[in-house]
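**Student:** Sending over a structure as structure tokens; questions will come in a sec.
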Amino acid sequence: IILIFITSIYIVTRRKNFHQLAVSPDSFSQPPILPPVVRSSTSLYAHSGVLAFELKYKQEPHNLSIQLKMGVPVNLVKLTVPKLLPFFATFVLYFVLATYDTRSELWSTIVKCAPIYSLILFILLYGVSNTNPTYTYKILVGLFFSSIGDLLLNINLFELGVVAFAAAQVSFISAFGFQPRRWDIGLAMITGSLAILGILIGSISSTILRLGLPVYSLLLVTMAWRAVARASTEKRELPKILGAIGGVLFVISDGFLAFNKFYTNIPYAVILIMVPYYLAECGIALSVVDYKYLPVQ
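Quick note on numbering: UniProt numbering labels position 147 of the sequence shown as 147, and the sequence is numbered without any gaps.
Following this line, the structure appears as structure tokens:
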């Protein structure tokens, strides 16, 4: 999981030189002569490192229309990575201090919640989206409830922590929406969730948790389903893909948490639970970024 995340960051942050192109049909008295490679087809795909360009044109007398779409805008990276430095710092700090058995202590609770509040700070520094402000607000609410859940779990209030995380999932689901449907993805995820619940339910002694965990599991899997479905459109937008990765990592994290608490002690449980969790929240937070940084008019 760590390797996948680092590789993704490397791909996103790797910068290549590219040419900008701006064409106005009104500026030509005669149709311009296009390069042979462009004239040869109506759709041209050119790849430069991690940057992908899609060039389409329609040439008629006195009419030229060219569209250029950049796959990974460099501007997006420049606007996000510096604002994520507090998250990376608190992320590392948590795992440095996680070797100490300090649950229920105030400072350990602060350290555990700090990465989530750093992501909230990232969104506030980045700014609310002009095109979809409601989405940003819902993600902020989800992150806030996640931090409350972290606090409650750290002071051994597990049931209340589950309630807080359930509220976070509802907020994330509301943000991701239900278009496109992608019932195939939802059915596969729900089936897997039911199989895992079937293994765990016999090991749960608390009546409240026996009733509550299936409800929470449904909300969790629905959140991941909607995140993945939202990214599965023809228009592959990086923020949506990061949100989908975040949704899946959230399921992985909570799966390890459930097995470690109710079924058997898992070696390196802190790492297996918290690394996917923090990366999940980071991916979901990054999904608020506007994918509107095109160097072409």
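The beta carbon of each residue, even a glycine, is placed where N, CA and C say it ideally should be. Quantities reported herein were computed from a predicted structural model and do not represent experimental measurements.
#1: Go ahead and pull the three-state DSSP assignment for L121.
#2: Counting beta carbon pairs with one atom in the stretch 226 to 234 and one in the stretch 260 to 276, are three or more of them shorter than 8 angstroms?
#3: Can you find the residues in the same chain that come closer than 7 angstroms, C-beta to C-beta, to G255, ignoring five residues on each side of it along the sequence?
#4: Rounded to a whole number of angstroms, what is the C-alpha to C-alpha distance between G149 and V162?
#5: To which residues of the same chain is T222 closer than 6 angstroms at the C-beta, ignoring the five residues directly before and after it?
#6: Near V111, what residues of its chain come up, given a Cβ to Cβ distance below 8 angstroms and the 5 sequence neighbours on each side ignored?
#7: So the candidates are S108, T109, L79, R226; which of them puts its Cα closest to the Cα of A188?
#8: Among residues of its own chain, excluding the 5 on either side of V215, which ones have a beta-carbon nearer than 8 angstroms to its beta-carbon?
#9: Might you give, ordered along the chain, the residues of its own chain that have their beta carbon closer than 7 angstroms to the beta carbon of F122, omitting 5 neighbours on each side?
#10: Leaving out five residues on either side along the sequence, give the residues of the same chain with a beta carbon under 7 angstroms from the beta carbon of L242.
#11: What does the alpha-carbon distance come out to for the pair N132 and V251?
#12: Quick one: give me the first and last residue of the alpha helix (DSSP H) that L200 is part of.
#13: Taking the runs of the alpha helix (DSSP H) that are 4 residues or longer, which of them lie wholly in the stretch 206 to 262?
#14: In whole angstroms, what separates the C-alpha of R182 from that of K240?
#15: Take A164 as the anchor and find which of L249, G247, G212, Y268 has the nearest alpha-carbon.
#16: Report the option in D184, K138, P115, A175 whose CA atom is closest to the CA atom of L151.
#17: Here's the rule: buried if 16 or more other CB atoms are within 10 angstroms of the residue's CB, otherwise exposed. What is N154?
#18: With a 10 Å radius around its C-beta and 16 neighbouring C-beta atoms as the bar for buried, classify P180 as buried or exposed.
#19: Are there 16 or more other CB atoms within 10 angstroms of the CB of T136, so buried, or fewer, so exposed?
#20: Under the three-state reduction of DSSP, which class applies to G142: helix, strand or coil?
#21: Quick check: the Cα distance between F176 and I204, rounded to an integer number of angstroms?
#22: Could you pull out every residue in the same chain whose Cβ sits closer than 6 angstroms to the Cβ of G142, ignoring the five residues on either side in sequence?
#23: What are the boundary residues of the alpha helix (DSSP H) that includes E281?
#24: Any idea what DSSP makes of residue 320, helix, strand or coil?
#25: Residues in the same chain with beta-carbon distance under 7 angstroms from G186, minus the five sequence neighbours each way, listed in chain order, please.
#26: Rank I208, E159, G198, V228 by C-alpha distance to the C-alpha of D184 and give the top, closest one.
#27: So, for T245: in the same chain, excluding its five sequence neighbours on each side, which residues have a beta-carbon less than 7 angstroms away from its beta-carbon?
#28: Terminal residues of the continuous alpha helix (DSSP H) containing T90?
**Tutor:** Quick look at the numbers:
#1: In the structure shown, L121 sits in a helix (DSSP, three-state: H, G or I).
#2: no
#3: I196
#4: 7 angstroms
#5: I173
#6: T90, L93, Y94, L97
#7: R226
#8: A166
#9: These residues qualify, in order along the chain: K83, L84, F87, A285.
#10: G283, L286, S287
#11: 26 angstroms
#12: In the DSSP assignment, L200 falls within the alpha helix (DSSP H) that extends over 183 to 200.
#13: 207 to 231, 238 to 258
#14: 15 angstroms
#15: G212
#16: P115
#17: Counting the other Cβ atoms within 10 Å of the Cβ of N154 gives 16 or more, which makes it buried.
#18: exposed
#19: buried
#20: In the three-state reduction of the DSSP assignment, G142 falls in the helix class, which pools H, G and I.
#21: 31 angstroms
#22: A168, S171, F172
#23: 269 to 286
#24: Beyond the ends of the chain as shown, which are 1 and 297, falls residue 320; an answer cannot be given.
#25: Contacts found: W225.
#26: V228
#27: Thr is not the amino acid found at residue 245; the sequence shown has Ile there. Sequence-distant Cβ neighbours of I245 in its own chain, meaning closer than 7 angstroms and more than five residues away, are G283.
#28: 85 to 97
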